[in-house]
Structure formats: C-alpha cells, structure tokens
Amino acid sequence: MRIDVISLFPEFVAQCAAFGVVGRAQERALLALHGWNPRDYATGGYRKVDDRPFGGGPGMVMMIEPLQACLQAVRDADPQPAPVIYLSPQGAPLTQAKARQLAALPRLVLLCGRYEGVDERFVAAAVDEELSIGDYVLSGGELAAAVLVDAVTRLQEGALNDAESAAQDSFEGPDGLLDCPHYTHPREHALGEVPAILRSGNHAAIARWRRMQALGRTWLRRPELLDEAALSAADRRLLEEFRQGLQADPAPAQENPSKP
8 MRIDVISLFP EFVAQCAAFG VVGRAQERAL LALHGWNPRD YATGGYRKVD DRPFGGGPGM
68 VMMIEPLQAC LQAVRDADPQ PAPVIYLSPQ GAPLTQAKAR QLAALPRLVL LCGRYEGVDE
128 RFVAAAVDEE LSIGDYVLSG GELAAAVLVD AVTRLQEGAL NDAESAAQDS FEGPDGLLDC
188 PHYTHPREHA LGEVPAILRS GNHAAIARWR RMQALGRTWL RRPELLDEAA LSAADRRLLE
248 EFRQGLQADP APAQENPSKP
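Read in order, the letters of the sequence shown correspond to residues 8 to 267 in the numbering used here.
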C-alpha cells in the first residue's frame, strides 16, 4: 500500500510511522509512506502557505495554490488513482469498518490541515472524504494522519506476526464488540489471580467465557454497540449470565459508575 501525506510537518508523520507494526510493515515493503510539504511548492521569497481569513477573525487559513501544486506533484509521482482524505474535526468518525475499507485500497492521499484549516474551495474541489478521529480539536491533522496510517497498515496482510491478532481486536468481527480482558504471567500476583477458567485447558469453555466477557464489557462501556450488533439467542443468554454475575458480585460494575 502507498500512502502520501500532504503536511507542513511531514516528518512528524514519518517519525510516528517508524516504530512498531508500521515500521516493520515498511521494512517488509508492505507500506510505502511519502511525505509532501506544500511549502516546497509555494512561490515568492517567503514561500507563503497561509493567509488571513476573509470576513475577519483569528488565525490563518491554508492557501489554495501551494496545495494545488503539491497535490499535482503527488499525482505525478504515481499514476494510480487515490482518494484524497482530509483529516478534519468536521469529518465523519474514523471507525474500524472504515479502516478496513481504506486498507483494501492500493493508495491513499492524506491532507493535514493547520491553523484554522484549509480554504474551503480547495476542499470542495480536491477532497474526496473528510475523516475525524474524535470530537476534539488538535493543532493540526498530523496526529490524526498517523492514527489513520497505523489503523490501515496493521490490516495489511503480513503486517502482524499473528494474523489472528487483528481478527480478535475490539470492533472487529461481524458484531463489532469490544475485546475481552486478557491476562499473562505471573499466575498469582498481589493485584489478583488469573481467572481459573483461562488455566483450565478447556478451549470450548475458554471461548465461551471470552465471548461472555466481550458482551459484558461492551454492555458496560459501549452499550450503543450492542444496539447495532446482531446478537444470537446464545449471545443474549451469555449477556444475561454476565449481568447476573454482576448482581452477585457488583464490584466490576464500577467500570461504568454512571450506569444505573
């Protein structure tokens, strides 16, 4: 997969992508990441890339011409088509389903805004989609671009050492539930013991427990996800069993103190 990032700080995204799964994906030639700075395509002695907004107000707005020239250079560098995605707090939420959709594409172009954003005329003419990583405002789109790069790269075949890791993540699978809790050594610790069922060697019982925990954790923390999930009758029985367990031992309910 090839990802081109248009940013006034392209080295920021490159540094974020140099480690862990994304860094290994680049080493394995599963990802080609290219940074492009609009300032390199600005004219004039100061290579100006922003100006005051019409109508007044604080801040600066990224200008059309440097962005146009930069985007044209991106397209000239590789003829294969690619959607232009603008990382913006006004965009649609980035979800795991969207990450899977984008991960299937051969190429993406990510546009990172700065200051008060990008001239709306360029957005209307050149951007195919706006995406947001949350309902908050960052200083620029670089962090959001790094998040998107990570989300789509780890879904590339061969990026993870164990392909099952991605399949078992939160929001994965047909129902999009949260993941179940996980434990490792030591078996006993001052903070508690590993649940006995995980040490039983009974794989069917372990799978059932993990499914119940995933259902219960989703109910406690993100109940709206259950409204969207197509739960089977067996799932509903497991969820009811989880709820009854909380009534017998209410301590875990503190995960969501606001829930009655």
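We put the CB at the ideal spot given by N, CA and C, even for glycine. Please read these numbers as outputs of a predicted model, since none were measured by experiment.
Short Cβ contact (8 angstroms threshold) for residue i with residue j
i           : j           : result
residue 98  : residue 138 : yes
residue 32  : residue 166 : yes
residue 84  : residue 159 : no
residue 141 : residue 119 : no
residue 153 : residue 25  : no
residue 46  : residue 86  : no
Per DSSP, the bridge partner or partners of residue i
i           : result
residue 68  : 58
residue 139 : 100
residue 119 : 94
residue 114 : 9
residue 195 : 200
residue 125 : 69
Spatially closest choice to residue i from the options, by CA coordinates
i           : options               : result
residue 233 : 183, 126 and 19       : 183
residue 15  : 150, 89 and 227       : 150
residue 55  : 64, 61, 68 and 63     : 68
residue 61  : 158, 128 and 237      : 128
residue 36  : 164, 202, 229 and 130 : 164
residue 227 : 52, 250, 50 and 213   : 250
residue 50  : 28, 76 and 34         : 76
residue 18  : 108, 212 and 44       : 44
residue 162 : 103, 215 and 201      : 103
residue 131 : 214, 29 and 71        : 71
residue 133 : 110, 81, 145 and 101  : 81
residue 89  : 110, 74 and 73        : 110
residue 79  : 237, 48 and 194       : 48
residue 242 : 198, 52, 146 and 225  : 225
residue 30  : 235, 157, 201 and 194 : 157
residue 28  : 238, 168 and 100      : 168
Segment limits, alpha helix (DSSP H) that includes residue i
i           : result
residue 218 : 210–228
residue 23  : 17–23
residue 253 : 240–255
residue 148 : No alpha helix (DSSP H) holds residue 148; DSSP gives it neither H nor E.
residue 164 : Note, residue 164: premise wrong, no alpha helix (DSSP H); not H, not E.
residue 33  : 27–34
Extent of the continuous beta strand (DSSP E) to which residue i belongs
i          : result
residue 40 : 39–43
residue 9  : 9–13
Handout entry: Contact the region 87–95 vs the region 124–142: 3+ CB pairs below 8 angstroms
Key = Contact annotation: the region 87–95 touches the region 124–142, with at least three C-beta pairs closer than 8 angstroms.
Practice task
Report yes or no: do the region 194–211 and the region 244–251 share at least 3 C-beta pairs separated by less than 8 angstroms?
Solution key: Contact fails: fewer than three Cβ-Cβ distances are below 8 angstroms.
Practice task
Would you check if the region 184–199 and the region 219–229 touch, i.e. whether three or more CB-CB distances between them fall below 8 angstroms?
Solution key: yes
Problem - Stretch pair the region 8–22 + the region 115–127: three plus CB contacts closer than 8 angstroms - result: A contact is defined here as three or more CB-CB pairs under 8 angstroms, and the region 8–22 meets this definition with respect to the region 115–127.
Practice task
Flag this pair as touching only if the region 121–130 and the region 64–84 have three or more C-beta atom pairs under 8 angstroms; answer yes or no.
Solution key: yes
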